[in-house]
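Residue numbering for the sequence shown follows this note's numbering, starting at 2 and increasing by one per position.
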Amino acid sequence: KKSFENLEKNIKLILLRYLFVIEGKLELTIKINELPEVKTVENGWQQFEIDCDGRIISVTVKPKVWKKLTDAQANYPQWVGAIAGKMGEVTNDGFLLLEPNIQTFEKKPKPSSEVTT
2 KKSFENLEKN IKLILLRYLF VIEGKLELTI KINELPEVKT VENGWQQFEI
52 DCDGRIISVT VKPKVWKKLT DAQANYPQWV GAIAGKMGEV TNDGFLLLEP
102 NIQTFEKKPK PSSEVTT
């Protein structure tokens, strides 16, 4: 009797999951403010890793996408890079970032709040 109750409970949980769960799309954005160390891999693509709160995110980008980061480093005294993508295969210490894209922004210094008299 107990195993039948467990089966019935599991069936109810499965039905609830499929009746009330909608599909979503998981996208990740990682922000950086310094140029990572890279390794050139096949076809000139650049591979680098980012430590996000102890999880190591592995990123591989086309040369054209990598150039956005190097241009920001060369042209702005301070900058922020937003690397967006999908969560890929889990690794021992993190995961791969799939379909990465990069946007860079100049980070303007905040005006001083000191009052001069």
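All residues carry an ideal CB built from backbone N, CA and C; glycine is no exception.
Nearest to G82 by C-alpha distance, out of T41, S4, P37, W46, is P37. Note that the region 64–84 touches the region 97–112; at least 3 beta-carbon pairs, one per stretch, sit closer than 8 Å.
For the pair V66 and S113, the Cα-to-Cα distance works out to about 34 Å.
Residue L98 holds the alpha-carbon nearest to the alpha-carbon of D52 among E28, L98, E9, K111. In this model, Y77 and K68 are separated by some 14 Å (Cα to Cα). Excluding sequence positions up to five before and after F96, its CB lies within less than 8 Å of the CB of R56, I58, S59, M88, G89, E90, all in the same chain and listed in chain order. Residues of the same chain with a CB within less than 6 Å of the CB of D94, apart from the 5 flanking positions on each side, are I57 in chain order. Under DSSP, I15 shares a beta bridge with no residue.
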